[in-house]
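In what follows, a structure is listed as structure tokens, so that the remarks can point back to it.
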Amino acid sequence: MGTIRKLRDFFMFPKRKSILSKAIEISENNISKKSLKRNCETRWIERYHSVSDFLELFECVEEAHEEISQDTLIELEDYRKHAQKNFEDIFLATKKIADKFNVTITIPRINKRQVHRINVQTNDPDEYFRISVFIPYLDSFIKEEFQLWQRKLKKLEMKPKNSIDALKLCNSDIYPGVNKLFQILATLPISTASNERTFSSLKTIKTYLRNTISEKRLNGLAMLNIHRGVEITVDEVIAELAKQSR
1 MGTIRKLRDF FMFPKRKSIL SKAIEISENN ISKKSLKRNC ETRWIERYHS
51 VSDFLELFEC VEEAHEEISQ DTLIELEDYR KHAQKNFEDI FLATKKIADK
101 FNVTITIPRI NKRQVHRINV QTNDPDEYFR ISVFIPYLDS FIKEEFQLWQ
151 RKLKKLEMKP KNSIDALKLC NSDIYPGVNK LFQILATLPI STASNERTFS
201 SLKTIKTYLR NTISEKRLNG LAMLNIHRGV EITVDEVIAE LAKQSR
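Going by the UniProt record's numbering, the first residue of the sequence shown is number 1, and it counts up by one from there.
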């Protein structure tokens with residue numbers, strides 16, 4: 001009941017409520033409810049209606065949450081990309097308020113040698129708080145996606161054995177960054193055998209006696225030597241030579 005109450009309060013703001021209303025309108029399901037109801041602490045029948053409405057609007061709530069999270073993540077990434085300018089505006093507004101009350105913005109005492117924590121070597125309060133507070137704060141929001149994925153893996157009884165299995169489990173809508181990394185990981189070569197085979201073939205092709213061979217001819221001979229399993233007919237060779245100008 002507490003979760004439903006928090007979700008209902010979350011969508012009370014006009015912008016969020018409009019996103020939820022839009023998700024309800026475009027939904028393919030035949031939904032009769034238009035908003036989440038607030039459950040009453042004393043009337044149990046109201047709690048029943050609140051849970052019933054939430055179950056009916058569950059898919060719409062999930063879609064609205066996804067849209068809001070994507071917009072928030074894009075905005076945070078933009079803030080992180082232009083962290084210096086954005087924090088400068090925040091710092092100037094803060095300094096303006098501090099000046100009204102004769103408060104001087106200072107930085108904490110900095111040791112000359114710091115081992116166990118970040119030590120920002122600067123005497124400028126603007127730069128100090130931007131590096132030590134503002135940027136890590138934004139990074140914590142952006143990295144939340146990876147923390148969610150880690151928590152999901154811990155709850156799974158059958159852990160993925162390879163990158164392909166992990167890619168199938170990773171929802172691209174919920175974990176877009178993690179899904180992209182798994183796509184890259186799944187397409188990487190398993191070993192360096194292909195590269196080693198290439199260099200081994202080059203040693204037999206480009207010897208001291210053939211040191212002046214052209215790059216185009218070397219590539220052609222290397223392809224023939226490495227990919228011996230590819231069958232090439234005489235007609236294909238004649239057709240390829242016919243395309244070249246004399």
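Beta carbons: idealized from backbone N, C-alpha and C, even for Gly. Being a predicted model, the structure only gives us computed values, none of them experimental.
Asked                                                                                                                                             : Found
On a CA-only basis, which of ARG43, ILE19, PRO14 is nearest CYS60? Give me that one, please.                                                      : ILE19
Decide yes or no for the touch test of the region 83-97 against the region 44-63: beta carbon pairs closer than 8 Å, at least 3 of them.          : no
According to DSSP, is THR72 part of a helix, a strand, or is it coil?                                                                             : helix
By Cβ distance below 6 Å, which residues in the same chain neighbour SER27 in space, the five residues on each side in sequence not counted?      : CYS60
Taking a contact to mean a Cβ-Cβ separation below 9 Å, would you say LYS169 touches LEU76 in this structure?                                      : The amino acid occupying residue 169 in the given sequence is Leu; Lys does not appear at that position. No, Cβ-Cβ distance for LEU169 and LEU76 is not below 9 Å.
Could you check whether LEU202 and ALA222 sit closer than 9 Å to each other, using their CB atoms as the reference points?                        : yes
Can you give the Cα-Cα distance for SER243 and SER200, rounded to whole angstroms?                                                                : The sequence shown places Lys at residue 243, not Ser. For LYS243 and SER200, the distance between alpha carbons rounds to 32 Å.
What would DSSP say about GLN183, mapped onto helix, strand or coil?                                                                              : helix
Assuming ASP126 and GLU88 form a contact by the criterion Cβ under 8 Å, report the distance between their Cβ atoms to the nearest whole angstrom. : 7 Å
Is GLU157 near the ligand FAD, going by C-beta to nearest heavy atom under 8 Å?                                                                   : The ligand FAD is not part of this structure, which contains no ligands at all.
Can you tell me whether ASN39 is buried or exposed, with buried defined as 16 or more other CB within 10 angstroms of its CB?                     : buried
Since PHE91 and PHE129 are thought to touch, with beta carbons under 8 Å apart, how far apart are those beta carbons, to the nearest angstrom?    : 7 Å
Classify VAL178 as buried or exposed, calling it buried when 16 or more other Cβ atoms lie within 10 Å of its own Cβ.                             : buried
Tell me the rounded alpha-carbon separation between LEU185 and SER163.                                                                            : 7 Å
Could you check which residue in GLY229, ALA64, TYR79 has the C-alpha nearest to that of GLU25?                                                   : ALA64
Suppose you measure from the CA of ARG180 to the CA of PRO136; what does that come to, to the nearest Å?                                          : A small fix is needed here, since residue 180 is Lys in this sequence, not Arg. Cα to Cα, LYS180 sits roughly 23 Å from PRO136.
Would the beta-carbon of ILE174 fall within 9 Å of that of LEU153?                                                                                : no
So, helix, strand or coil for LYS206, using DSSP?                                                                                                 : coil
For chain D, check one thing: does any of its Cβ atoms lie closer than 9 Å to the Cβ of HIS65?                                                    : Checking the listed chains, one finds no chain D in this structure; it contains a single protein chain.
In the structure shown, what three-state DSSP assignment does PRO14 receive?                                                                      : helix
If you follow the alpha helix (DSSP H) that TYR128 is in, where does it begin and where does it stop?                                             : 125-129
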